[in-house]
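See below for the structure under consideration.
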Amino acid sequence: MSAPTQVLFDEPGPKSRRNNIILSIASLIVLLALVAFVIWKFADAGQLEPDKWYPFTFAQIQMVLLQGMLATLKVAVVASVLAMVVGVVFALLRLSSKRVVSVPGTIILEFFRGVPVLLLIFAMFLLFGNEIGPFWSVVFGLTLYNGMVLAEIIRAGILAVPTGQREAAMAIGLRPGQVMSLVLMPQALRAMMPTIIAQIVVLLKDSALGFIVTYQDLLYQVNLIGREYNNLLPTFIVGAALFIIINMIVAGFARWLESRLQRKTTADTETEGLTTAIVD
1 MSAPTQVLFD
11 EPGPKSRRNN
21 IILSIASLIV
31 LLALVAFVIW
41 KFADAGQLEP
51 DKWYPFTFAQ
61 IQMVLLQGML
71 ATLKVAVVAS
81 VLAMVVGVVF
91 ALLRLSSKRV
101 VSVPGTIILE
111 FFRGVPVLLL
121 IFAMFLLFGN
131 EIGPFWSVVF
141 GLTLYNGMVL
151 AEIIRAGILA
161 VPTGQREAAM
171 AIGLRPGQVM
181 SLVLMPQALR
191 AMMPTIIAQI
201 VVLLKDSALG
211 FIVTYQDLLY
221 QVNLIGREYN
231 NLLPTFIVGA
241 ALFIIINMIV
251 AGFARWLESR
261 LQRKTTADTE
271 TEGLTTAIVD
């Protein structure tokens, strides 16, 4: 007989369920009232008039939005690649058995992980903007912050690999560097891939902060169009829809990659079990 399911809270009684329903309905009413008030204020300001949406039929405006999307994707792709490199490097530094390596690596990691990404982007632009320009200011700011977060994710994945894997690899004569690159790192990356993809989605959304340093990404173009045609609300709705589409594509890729890795892991496990049975 299976053990009873353990829960972290008591089952609510009739009175508690009734109170929860009342609170949910009241919260929904307040939320709808707030949304209605915001819509009414924008409508009163003329932001919901049909002519405010007319500029999006212009080919020039559509091209500007497309260029903004491409600029956003460009900075996100470059920063993601560099952040993965930085993440792997600092994960290995933190895992080093030599304190002269692990302690400075930990200090640098905690510093950049604790600074808001907006401040990093702004600092890169103020210090090196004249030399590297807005694009690389955004890329380096995103890389420094997200690279440190990815370093902790990768380090957790490596530590989660069973110790028997390391011991078995050492037993067959592999050097520590080979154990890390051939045995531990591939398993850690496979196990943490969904979390890594989720952090890359965060990086993609953080790339919108580039407009602060005049990088002409999607948010910069949206703000420019809204001010030029005095249709900020419709323009930001279109911009939000484009960001949602991009994030849905990345999230869909993450789900596909996760399912593919799970199938591969299952297939590898079945093959190992079959091989063991044949040998026995």
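If you count the sequence shown from 1, position 25 lands on 25 in full-length UniProt numbering, and the numbers rise without skipping.
All residues carry an ideal CB built from backbone N, CA and C; glycine is no exception.
Counting along the chain, the unbroken alpha helix (DSSP H) around ARG18 starts and ends at 14-44. Going by DSSP, ARG94 is part of the alpha helix (DSSP H) stretching over 59-95. The distance from the Cβ of LEU34 to that of PHE42 is about 13 angstroms, inconsistent with a contact at the 8 angstroms cut-off. A residue is called buried when at least 16 other Cβ atoms come within 10 angstroms of its Cβ; ARG94 meets this threshold and is buried. DSSP places ARG175 outside both helix and strand once states are collapsed to three, so it counts as coil. Residue environment: ASN146 is assigned as buried (16 or more neighbouring CB atoms within 10 Å of its CB, all protein chains considered). Per DSSP, the continuous alpha helix (DSSP H) segment holding GLU131 begins and ends at 117-160. The three-state secondary structure of GLU228, taken from DSSP, is helix.
Its chain contains ALA169 as the residues whose beta carbon lies nearer than 8 angstroms to that of GLN178, once the 5 sequence neighbours on both sides are disregarded; these appear in chain order. Looking at the backbone, the Cα of LEU233 and that of LEU219 are separated by about 13 angstroms. In this chain, the alpha helix (DSSP H) harbouring LYS205 covers 185-206. Cα atoms of LEU70 and VAL38: separation of roughly 31 angstroms, rounded to the nearest angstrom. Using a Cβ distance threshold of 7 angstroms, LEU142 and LEU204 do not count as a contacting pair. DSSP, read as helix, strand or coil, puts TYR54 in helix. Inter-residue distance for LEU28 and LYS15 is about 20 angstroms (C-alpha atoms, whole angstroms).
For SER102, the enclosing alpha helix (DSSP H) stretches over residues 99-114. Your pair ILE154 and ILE212 does not check out as a contact, with CB atoms roughly 29 angstroms apart and the cut at 8 angstroms. Put simply, the backbone Cα of PRO55 is about 14 angstroms away from that of ILE237.
Distance between LEU92 and LEU242, taken at the CA atoms: about 37 angstroms.
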